[in-house]
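Working notes, beginning with the structure itself.
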Amino acid sequence: MLKLKTVAILLAVSPLQYGYAQDLIETHQLALENNPELTSAYLNQYSTAEFRSQSIAQMLPTISLSGSSSRQRLNNKKSTFQLSGTQNYWNHSFTINFKQPVFNWGHWVQLHQSDNQIAQSEAQYQATYQELIVKTSEAYFNILAAQDNLEFTVSEKKAIGQQLEQATQRFKVGLIAITDVHEAQAGYDQSIANEIEAVNLLDKSKEDLREIIGENVAKLNSLQESIPLNFPEPADITSWSKAAENNNFNIIAQLNQTEVVRKEINLQKSGHLPTIDIVANYGVQDNTSTFGLRGDTQSVGLQLNLPLFEGGAVHSRSKQAQFNYQREKENLTKVKRTVTRQVRNAYRDVVSSLSRVKALQAAVKSSESALEATEAGFQVGTRTMVDILAEQRNLYRSMRDHSRSRYDYLINGIKLKEAAGSLSEADLQEINKYLTI
366 MLKLKTVAIL LAVSPLQYGY AQDLIETHQL ALENNPELTS AYLNQYSTAE FRSQSIAQML
426 PTISLSGSSS RQRLNNKKST FQLSGTQNYW NHSFTINFKQ PVFNWGHWVQ LHQSDNQIAQ
486 SEAQYQATYQ ELIVKTSEAY FNILAAQDNL EFTVSEKKAI GQQLEQATQR FKVGLIAITD
546 VHEAQAGYDQ SIANEIEAVN LLDKSKEDLR EIIGENVAKL NSLQESIPLN FPEPADITSW
606 SKAAENNNFN IIAQLNQTEV VRKEINLQKS GHLPTIDIVA NYGVQDNTST FGLRGDTQSV
666 GLQLNLPLFE GGAVHSRSKQ AQFNYQREKE NLTKVKRTVT RQVRNAYRDV VSSLSRVKAL
726 QAAVKSSESA LEATEAGFQV GTRTMVDILA EQRNLYRSMR DHSRSRYDYL INGIKLKEAA
786 GSLSEADLQE INKYLTI
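Every letter in the sequence shown is one number past the one before it in the working numbering, and letter 368, counting from 1, is 733.
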């Protein structure tokens with residue numbers, strides 16, 4: 366009689382080889398080093414930071430130097446002070462120009478915009494970082510789940526194979542009908558197909574992680590059988606929603622984007638305002654003609670520029686900025702609603718998966734007892750091979766679901782903290798304690 370030891374099978378998600386195995390923290394570090402999305406967000410921070418330097422530069426003085434040197438020909442046919450005839454001479458000149466903005470409201474608006482642009486890029490980086498933690502963890506645990514699934518599938522195939530062998534022997538001695546043998550054979554053939562599918566699922570799961578970390582997936586540490594199952598703290602969905610509204614990095618990024626566009630309205634309206642600059646220049650000229658000029662000029666003063674009419678362009682750009690601001694406000698509302706949905710669903714998923722782990726653990730024990738009872742009934746002729754195969758399927762389905770529910774519990778906890786904006790590497794380190802070779 367087939368005896369299945371459930372605990373032994375749950376622990377038998379055996380590694381493919383002995384020795385070193387990669388844990389969750391090491392996988393996370395590889396993702397940090399090799400993930401192009403995070404690197405792109407990191408570089409975007411530095412790129413955006415230059416907006417502030419450019420805004421400050423507009424308020425600082427500008428100095429330019431211009432000069433010329435030309436050979437000229439003068440054909441003088443009649444002159445009171447110069448001899449008639451042709452002259453060839455050189456004309457040299459250079460000028461230094463200085464300009465210092467005194468008042469330009471648009472420059473100050475752009476400086477304040479740069480602060481929001483920098484804050485937005487920093488929030489986008491943090492959002493990308495947390496999203497990478499979620500993707501890496503999910504891919505990691507999907508591999509473990511796929512390994513479990515393959516192990517359960519192989520064990521199920523082996524169990525059905527034993528049933529097939531037993532049914533064949535019993536048929537030969539006339540204890541059962543040929544239909545029981547056919548049922549066992551059909552179940553065995555299906556288990557082979559399931560094994561092929563399980564191998565393919567494992568390979569695809571490894572490819573998903575390889576895409577994230579940029580390397581072939583090594584042997585991974587497995588999740589130990591006993592893990593703490595705790596409700597979210599605080600155990601209040603409203604508190605998590607409020608935390609997400611204040612700390613979620615997607616919301617923070619959109620808030621700053623909205624501010625950038627709001628300030629763009631003032632920037633465009635500044636096109637109606639005057640600008641004042643201090644201007645100065647110093648020039649030198651040297652002319653080698655007969656009555657050549659050699660000397661220099663200096664000037665300094667205030668320059669006022671007051672726009673009077675630009676064909677309505679400033680008014681149009683101001684209206685456009687106002688429409689863009691209304692659009693970004695709507696986008697902000699959308700992001701807030703999306704985050705609220707995500708954090709509330711994640712909270713419910715954590716609570717649900719926690720209860721599901723416990724329920725499926727009980728279901729595995731019940732299914733094992735049911736299978737043993739069915740096998741005993743088969744031995745005395747009260748149950749059929751169909752009954753045994755059905756109970757075996759129920760047992761292995763419960764085992765797969767139980768295995769998957771444990772990973773889902775951990776993943777949902779990570780997603781909840783991401784939505785609330787509090788996810789960090791420390792959360793991975795806590796989970797990593799329960800991963801073993």
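C-beta: ideal position from N, C-alpha, C; glycine also.
Bear in mind the structure is a predicted one, so any value in this text is a computation, not a measurement.
Report, in whole angstroms, the separation of the C-beta atoms of residue i and residue j, which I expect to be a contact under 8 Å.
{"i": "residue 465", "j": "residue 426", "result": "4 Å"}
{"i": "residue 683", "j": "residue 634", "result": "5 Å"}
{"i": "residue 472", "j": "residue 420", "result": "7 Å"}
{"i": "residue 563", "j": "residue 514", "result": "5 Å"}
{"i": "residue 736", "j": "residue 548", "result": "That pair is no contact at about 16 Å."}
{"i": "residue 712", "j": "residue 597", "result": "6 Å"}
{"i": "residue 605", "j": "residue 700", "result": "Contact doesn't hold; Cβ gap of about 17 Å is too wide."}
{"i": "residue 592", "j": "residue 799", "result": "5 Å"}
For residue i, count neighbouring C-beta atoms within 10 Å of its own C-beta (all shown protein chains included) and say buried if the count is 16 or more, exposed if not.
{"i": "residue 782", "result": "buried"}
{"i": "residue 621", "result": "buried"}
{"i": "residue 373", "result": "Only weak support exists for where residue 373 lies, its pLDDT of 41 falling under 50; the value from the coordinates is given anyway. Label assigned to residue 373: exposed."}
{"i": "residue 780", "result": "buried"}
{"i": "residue 793", "result": "buried"}
{"i": "residue 534", "result": "exposed"}
{"i": "residue 732", "result": "buried"}
{"i": "residue 510", "result": "buried"}
{"i": "residue 379", "result": "Residue placement at residue 379 is poorly supported in this model, since its pLDDT is 42, which falls under 50; the coordinates are not used for a value here."}
{"i": "residue 504", "result": "buried"}
{"i": "residue 786", "result": "buried"}
Alpha carbons only, please: which of the options is nearest the one belonging to residue i?
{"i": "residue 764", "options": "604, 615, 512, 617", "result": "512"}
{"i": "residue 669", "options": "467, 453, 473", "result": "467"}
{"i": "residue 532", "options": "553, 514, 515", "result": "553"}
{"i": "residue 405", "options": "422, 486, 614", "result": "486"}
{"i": "residue 804", "options": "619, 539, 771", "result": "As displayed, the chain neither begins before 366 nor continues past 802, which places residue 804 out of reach and without an answer."}
{"i": "residue 474", "options": "699, 417, 565", "result": "417"}
{"i": "residue 724", "options": "766, 756, 677", "result": "766"}
{"i": "residue 734", "options": "566, 712, 713, 759", "result": "759"}
{"i": "residue 578", "options": "674, 775, 391", "result": "391"}
{"i": "residue 321", "options": "761, 762, 460, 483", "result": "The structure shown does not extend to residue 321, since the chain spans only 366 to 802, so no value can be given for it."}
{"i": "residue 470", "options": "637, 748, 583", "result": "637"}
{"i": "residue 666", "options": "430, 433, 462, 437", "result": "462"}
{"i": "residue 821", "options": "537, 525, 540", "result": "No answer is possible for residue 821: the residues shown for the chain start at 366 and end at 802."}
Who pairs with residue i in a beta bridge, going by DSSP?
{"i": "residue 456", "result": "435, 652"}
{"i": "residue 666", "result": "644"}
{"i": "residue 462", "result": "429, 646"}
{"i": "residue 659", "result": "651"}
{"i": "residue 801", "result": "587"}
{"i": "residue 468", "result": "641"}
{"i": "residue 387", "result": "585"}
Query raised in the report: Counting pairs of Cβ atoms below 8 Å between the stretch 627 to 638 and the stretch 685 to 693, do you hit three or more?
Result: yes
Query raised in the report: Given 8 Å as the limit, is there contact between the stretch 511 to 529 and the stretch 572 to 580, that is, 3 or more CB pairs closer than that?
Result: no
Query raised in the report: Is it true that the stretch 475 to 490 meets the stretch 408 to 422, where meeting means three or more beta-carbon pairs spaced less than 8 Å apart?
Result: yes
Report task. Evaluate the contact criterion for the stretch 713 to 730 versus the stretch 638 to 648: three or more CB pairs, one atom per stretch, below 8 Å. Result -> no
Query raised in the report: Pairing CB atoms from the stretch 389 to 405 with CB atoms from the stretch 493 to 511, are three or more of them under 8 Å?
Result: yes
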